[in-house]
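J.: Residues in the sequence shown are numbered from 81 upward in steps of one, following our numbering.
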Amino acid sequence: MPEPTPVQWADIVQQLGAEIAGPLSAALEQIQNLATTGQIDRRGLRLLRRSVDDARTAGMLGQQLARLASGRLRLNRERQHLTQMLRSVLAQRSRETQARGVQVRQSLKPVEIWADGALLFALLNALMDWALANTHSSVDLRLDLTPWPVKARLSCRFAHRSLDLLGEDSEPQDSSASLDSLAWRLLEQTAITLGVLPLREQEAGITLLTLEFNQLAPDEAPAPDSTHARLEAEAERMGGNSRPLAGCQLLILSANRDLRTEAQAAVRHMGMLVDVVGSVAEAEQFCREGLPHALLFDAGLTNEALLQLIAEVMRDAPDFSFVEMFDGEHRTQLSTATSDGVARISRRHLPDALPSLLMFELAKRN
Numbered sequence: 081m082p083e084p085t086p087v088q089w090a091d092i093v094q095q096l097g098a099e100i101a102g103p104l105s106a107a108l109e110q111i112q113n114l115a116t117t118g119q120i121d122r123r124g125l126r127l128l129r130r131s132v133d134d135a136r137t138a139g140m141l142g143q144q145l146a147r148l149a150s151g152r153l154r155l156n157r158e159r160q161h162l163t164q165m166l167r168s169v170l171a172q173r174s175r176e177t178q179a180r181g182v183q184v185r186q187s188l189k190p191v192e193i194w195a196d197g198a199l200l201f202a203l204l205n206a207l208m209d210w211a212l213a214n215t216h217s218s219v220d221l222r223l224d225l226t227p228w229p230v231k232a233r234l235s236c237r238f239a240h241r242s243l244d245l246l247g248e249d250s251e252p253q254d255s256s257a258s259l260d261s262l263a264w265r266l267l268e269q270t271a272i273t274l275g276v277l278p279l280r281e282q283e284a285g286i287t288l289l290t291l292e293f294n295q296l297a298p299d300e301a302p303a304p305d306s307t308h309a310r311l312e313a314e315a316e317r318m319g320g321n322s323r324p325l326a327g328c329q330l331l332i333l334s335a336n337r338d339l340r341t342e343a344q345a346a347v348r349h350m351g352m353l354v355d356v357v358g359s360v361a362e363a364e365q366f367c368r369e370g371l372p373h374a375l376l377f378d379a380g381l382t383n384e385a386l387l388q389l390i391a392e393v394m395r396d397a398p399d400f401s402f403v404e405m406f407d408g409e410h411r412t413q414l415s416t417a418t419s420d421g422v423a424r425i426s427r428r429h430l431p432d433a434l435p436s437l438l439m440f441e442l443a444k445r446n
């Protein structure tokens with residue numbers, strides 16, 4: 081499938097503007113109402129938060145699309161176990177699917193391919209973002225091999241209309257618009273960048289997306305590089321792309337405002353989506369609504385509730401990244417060197433060591 085033309089990229093930029101402007105206009109209306117009346121009810125506050133979240137999500141999608149359009153990506157093709165990575169993504173997002181009341185049904189055969197691990201991980205997450213935003217049913221995922229020529233085929237099937245309306249002949253225009261959202265654009269362009277063909281079909285309220293992977297890894301192929309070698313490759317990629325972890329979500333947990341600011345400053349150039357919370361209870365609520373990719377937390381907040389949260393997340397998403405910050409002296413430790421699987425770093429090492437540490441920890445998911 082050919083890369084987008086300048087006209088197509090212009091359409092994507094126009095769509096980005098619309099998906100940011102719409103929610104912000106709704107938010108502005110709520111703010112003006114608050115300024116006029118001096119009060120806001122629970123429903124209005126909920127609508128305001130949703131509008132801001134929608135605009136923020138659109139901005140994050142635009143950031144990831146800009147990265148794909150930059151032409152500066154250096155793909156590091158390695159042997160990837162597609163099945164294991166998909167299961168890891170589903171495990172990491174299990175809380176989100178449960179909160180939405182969506183059942184994800186899986187029929188996955190073991191498949192290994194040659195692909196850039198970070199971009200493949202982004203593709204699988206983009207697939208889930210798009211499917212969960214549009215489904216009115218379960219999401220059915222199937223991974224198998226075609227007979228000849230042999231290709232890996234990942235299919236995603238769901239009802240994009242309410243099950244009560246599936247018998248109707250007419251297709252509402254707004255359902256198609258939702259399917260063609262910015263989330264779809266990101267999914268499509270990520271697939272194209274990976275050399276994966278996205279085939280989408282819609283009929284009678286049912287959407288079927290098929291992703292075809294041509295570069296299978298034969299049994300006799302060499303094993304993937306070690307994690308340390310991948311880290312070196314990520315560091316090289318960082319030199320060619322100033323925002324190497326664009327689209328990854330980091331949650332910072334600290335009651336100390338200065339520490340939160342220092343941690344944010346350390347990762348600002350990496351293009352991550354950063355959220356901050358000041359208490360363990362807020363972190364628990366945040367993770368219930370959807371897991372980030374990493375949690376950076378203040379050692380001073382360690383208590384039974386935080387340890388329980390860490391244990392639950394590790395159970396649901398074994399590849400999740402935890403990094404503990406110490407205010408005093410502490411040597412930087414990777415999660416592979418600690419007994420509990422939590423990486424550790426001293427506060428004074430945040431500016432120079434945190435970016436590399438996060439790149440190593442997030443490389444584990446590949």
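Note that CB positions come from ideal geometry on N, CA and C, so glycine has one too. A quick note: this is a predicted structure, and the numbers were derived from the prediction, not measured.
Pick from ALA263, ALA297, LYS189: whose alpha carbon is nearest that of ALA213?
T.: Checking every option, the nearest Cα to that of ALA213 belongs to ALA263.
J.: VAL422 to SER242, Cα distance in whole Å?
T.: Approximately 43 Å between the Cα atoms of the pair.
J.: Can you give me the start and stop residues for the beta strand (DSSP E) that CYS328 sits inside?
T.: Neither: CYS328 is in no beta strand (DSSP E) and is coded neither H nor E.
J.: Can you find the residues in the same chain that come closer than 6 Å, C-beta to C-beta, to LEU386, ignoring five residues on each side of it along the sequence?
T.: Result list for LEU386: VAL360, in chain order.
J.: Between LEU376 and the ligand FMN, is the CB less than 6 Å from at least one heavy atom?
T.: Although the ligand FMN was asked about, the structure shown includes no ligands whatsoever.
J.: Using a Cβ-Cβ cutoff of less than 8 Å, which residues in the same chain neighbour PHE400 once the five nearest sequence positions on both sides are dropped?
T.: Correct list, in chain order: GLN172, LEU371, HIS373, ALA374, LEU375, VAL393, MET394.
J.: Measuring only the C-alpha atoms, how far is THR137 from GLN329?
T.: Roughly 11 Å between the two C-alpha positions.
J.: Counting pairs of beta carbons, one from the segment 184-194 and one from the segment 397-415, are three or more of them closer than 8 Å?
T.: Segments in contact, no.
J.: ILE92 by DSSP, collapsed to three states: which one?
T.: Here ILE92 sits in helix by DSSP.
J.: Could you check which residue in LYS189, PRO103, LEU108 has the C-alpha nearest to that of GLN164?
T.: Among LYS189, PRO103, LEU108, the Cα nearest to that of GLN164 belongs to LYS189.
J.: Per the DSSP calculation, PHE201 is bridged to which residue(s)?
T.: DSSP lists no partner for PHE201.
J.: Alpha carbon to alpha carbon, how far is ALA363 from SER150?
T.: Straight-line Cα distance between these residues: approximately 34 Å.
J.: Just to confirm before moving on: does the CB-CB distance between ALA335 and LEU430 stay below 7 Å?
T.: Taking 7 Å as the Cβ cut-off, ALA335 and LEU430 do not qualify as a contacting pair.
J.: Pick out whichever of PHE238, ASP432, ARG122, GLN160 has its Cα sitting closest to the Cα of HIS349.
T.: When only C-alpha atoms are compared, the closest one is ASP432.
J.: Is the beta carbon of LEU267 closer than 7 Å to that of LEU207?
T.: Contact flag set, yes.
J.: Roughly how many whole angstroms lie between the Cα atoms of ILE72 and LEU389?
T.: The structure shown has nothing for residue 72, since the chain only spans 81 to 446.
J.: Quick one: what's got a C-beta closer than 7 Å to LEU442's C-beta in the same chain, skipping five residues either side?
T.: Contacts found: LEU325, CYS328, HIS373, ALA374, SER401.
J.: LEU203 and LEU274 look like a contact to me (Cβ under 8 Å); what is the Cβ gap, rounded to whole Å?
T.: Sure, about 6 Å apart at Cβ, within 8 Å.
J.: Output yes or no for whether 7 Å exceeds the beta carbon distance between ALA211 and VAL219.
T.: Yes.
J.: For GLY118, count neighbouring Cβ atoms within 10 angstroms of its own Cβ and tell me buried if that reaches 16, exposed if not.
T.: Looking at its Cβ environment, which holds fewer than 16 other Cβ atoms inside 10 Å, GLY118 is exposed.
J.: Using only the alpha-carbon positions, how far apart do GLN178 and LEU288 sit?
T.: In a straight line, the C-alpha of GLN178 is about 22 Å away from that of LEU288.
J.: Taking MET439 as the reference, give the member of GLY124, ALA90, SER415 with the closest Cα.
T.: Residue SER415 is the option with its Cα nearest to MET439.
J.: Comparing C-alpha positions only, which one of GLY142, GLY102, ILE425, ASP121 sits nearest to ARG265?
T.: For ARG265, the nearest C-alpha among the options comes from GLY142.
J.: According to DSSP, is PRO103 helix, strand or coil?
T.: Helix.
J.: With a threshold of 8 Å on Cβ separation, who are the neighbours of TRP89 within its own chain once the five nearest residues in sequence on each side are excluded?
T.: Within the same chain, TRP89 has close Cβ partners ALA149.
J.: Cβ of SER258 within 7 Å of Cβ of ALA239?
T.: Cβ distance not < 7 Å, so SER258 and ALA239 don't count as in contact.
J.: List the endpoints of the continuous alpha helix (DSSP H) containing MET439.
T.: Element bounds for MET439: 430-443.
J.: Between the C-alpha atoms of GLY358 and GLN112, what's the straight-line distance to the nearest angstrom?
T.: Rounded to whole angstroms, GLY358 to GLN112 spans 29 Å at the Cα level.
J.: Quick one: what does DSSP say GLU409 is sitting in, helix, strand or coil?
T.: It is coil, neither helix nor strand.
J.: On a CA-only basis, which of THR412, SER174, TRP228 is nearest GLU369? Give me that one, please.
T.: Checked all of THR412, SER174, TRP228; the closest Cα to GLU369 is SER174.
J.: Which same chain residues, not among the five before or five after PRO435, have their C-beta less than 7 Å away from its C-beta?
T.: Taken in chain order, the residues that qualify are ALA346, VAL347, MET350.
J.: Per DSSP, what are the beta-bridge partners of SER258 in this structure?
T.: Note: SER258 sits in no beta bridge, so no partner.
J.: From ALA391 to ASN294, what does the alpha carbon distance come to, in whole angstroms?
T.: When rounded, the distance between both Cα atoms is 38 Å.
J.: State the beta-bridge partners of CYS236 as determined by DSSP.
T.: Beta-bridge pairing links CYS236 to LEU221, LEU289.
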